[in-house]
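Q: Below: one structure in structure tokens.
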Ligand SMILES: C[S@@+](CC[C@H](N)C(=O)[O-])C[C@H]1O[C@@H](n2cnc3c(N)ncnc32)[C@H](O)[C@@H]1O
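Numbering (our numbering), first residue to last: -15 to 249.
Here you go:
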């Protein structure tokens, strides 16, 4: 993981190179629409309030989830000794990013979604509440954390989330085999180069021309940046967008020319 100074320098470099949020100079109609209708949509949607109220409760929750060891190098070890409040304050999507996930689902209306890394269910809740008709499969390795997420989905009245508990290495392969083509994939767990590339290659099997894959924390570490570069440069990826906190990829064949955008968020 980069130090806060390294991250600040990286952020300044990104902000310097990024296109403004008005979309000037973006010639791709698809990306222009993404910027003007999704990124810049400042409307307030009513599920935001309930999800953020729940986040506030979690930030005060002093329960201690059981830590589970998934073997050498597993990023699951890092909840050991932490309270729910610690996890809620440090490991979840921000309000700004959660709202963006909501707007993406609200705008594109994906039907089949998969998320790697449920944690306490905040990002899951943002996506699932944007389209009650969608089906969101969310994977989490920690049983006790997944249990708290399940309570949260119940509190929010969300019935379109299917939780799968276990190490991605054990659960993902079969799930992908049985899954219909995926309209949206959100990868937010196990932020290391090889696992991320491995998950990406598995998800490629279920991509359609209109799929969107979202990779969280692409500038979080050298490994994540290396993985993001390889994903962006993959021949099947036609458009990629770097918002600093996350990278987005699209496969639409009518894009013809491969393009990469860095956009201020
Ligand atoms: C950054 S958190 C997810 C945050 C959540 N998406 C949100 O924004 O609200 C990452 C989650 O992935 C889980 N995770 C990490 N590596 C995993 C693995 N190999 N198998 C299963 N779960 C894993 C962790 O337990 C953690 O809860």
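We put the beta carbon where it would ideally sit given N, CA and C, even for glycine.
#1: Taking the continuous alpha helix (DSSP H) assigned at residue 185, which residues delimit it?
#2: So is the beta-carbon of residue 136 under 8 Å away from any non-hydrogen atom of ligand 1?
#3: Which same chain residues, not among the five before or five after residue 48, have their C-beta less than 6 Å away from its C-beta?
#4: Let's see if you can read the secondary structure: which residues bound the alpha helix (DSSP H) around residue 208?
#5: Which residues in the same chain have their Cβ closer than 6 Å to the Cβ of residue -6, if we skip the five residues on either side of it in sequence?
#6: Nearest by alpha-carbon distance to residue 180: which of 157, 167, 95, 211 is it?
#7: What separation, rounded to the nearest whole angstrom, lies between the Cα atoms of residue 241 and residue 12?
#8: Helix, strand or coil for residue 142? Go by DSSP, reduced to three states.
#9: Where do the N-terminal and C-terminal ends of the alpha helix (DSSP H) with residue -10 fall, by residue?
#10: Taking DSSP as the reference, what is the three-state secondary structure of residue 75?
#11: Considering only C-alpha positions, which residue in the set 215, 209, 235 is nearest to residue -15?
#12: Report yes if the C-beta of residue 185 is less than 8 Å from at least one heavy atom of ligand 1; otherwise report no.
#13: With burial defined as no fewer than 16 other Cβ atoms inside 10 Å of the residue's Cβ, what is the status of residue 113: buried or exposed?
#14: Which first and last residues belong to the alpha helix (DSSP H) in which residue 156 is found?
#15: Check whether the Cβ atoms of residue 103 and residue 148 lie closer than 9 Å to each other.
#16: Taking the alpha carbon of residue 244 as the reference point, which residue from 236, 223, 235, 238 has its own alpha carbon closest?
#17: Comparing C-alpha positions only, which one of 201, 247, 238, 137 sits nearest to residue 75?
A: The relevant details are as follows:
#1: Position 201 of the chain shown, counting from 1, holds the residue named residue 185. It spans 177 to 188 - the alpha helix (DSSP H) in which residue 185 sits, taken as one unbroken run.
#2: Taking the chain shown and counting its residues from 1, the one referred to as residue 136 is at position 152. Checking the Cβ of residue 136 against ligand 1 gives no.
#3: To locate residue 48, count along the chain shown from 1; it is residue 64. Only 67 meet the Cβ criterion.
#4: Looking up residue 208 in the chain shown gives position 224. Here the alpha helix (DSSP H) through residue 208 covers 206 to 216.
#5: By 1-based counting over the chain shown, the position of residue -6 is 10. Correct list, in chain order: 203.
#6: Within the chain shown, residue 180 is the residue found at index 196, counting from 1. Checked all of 157, 167, 95, 211; the closest Cα to residue 180 is 211.
#7: As a working note, residue 241 is residue 257 in the chain shown. As a working note, residue 12 is residue 28 in the chain shown. Rounded to whole angstroms, residue 241 to residue 12 spans 10 Å at the Cα level.
#8: Your numbering for residue 142 matches position 158 in the chain shown. Coil at residue 142, not helix or strand.
#9: Counting from 1 along the chain shown, the entry for residue -10 is found at position 6. Residues -12 to 1.
#10: Position 91 of the chain shown, counted from the first residue, corresponds to residue 75. In the structure shown, residue 75 sits in coil (DSSP, three-state: anything other than H, G, I, E or B).
#11: Along the chain shown, read from residue 1 onward, the residue named residue -15 stands at position 1. Checking every option, the nearest Cα to that of residue -15 belongs to 209.
#12: Locating residue 185 in the chain shown gives position 201, counting from the first residue. Outside the cutoff, so no.
#13: Locating residue 113 in the chain shown gives position 129, counting from the first residue. It is buried - the Cβ of residue 113 has at least 16 other Cβ atoms within 10 Å.
#14: As a working note, residue 156 is residue 172 in the chain shown. Taken as a continuous stretch (DSSP letters only), the alpha helix (DSSP H) holding residue 156 covers 152 to 162.
#15: For the purposes of this step, residue 103 is taken as residue 119 along the chain shown, with counting starting at 1. For the purposes of this step, residue 148 is taken as residue 164 along the chain shown, with counting starting at 1. Result no, Cβ atoms of residue 103 and residue 148 do not sit closer than 9 Å.
#16: The residue labelled residue 244 in the question sits at position 260 within the chain shown. Ranking 236, 223, 235, 238 by Cα distance to residue 244 puts 223 first.
#17: What you label residue 75 is simply residue 91 of the chain shown in a count that begins at 1. If we check each option's Cα against that of residue 75, 201 comes out closest.
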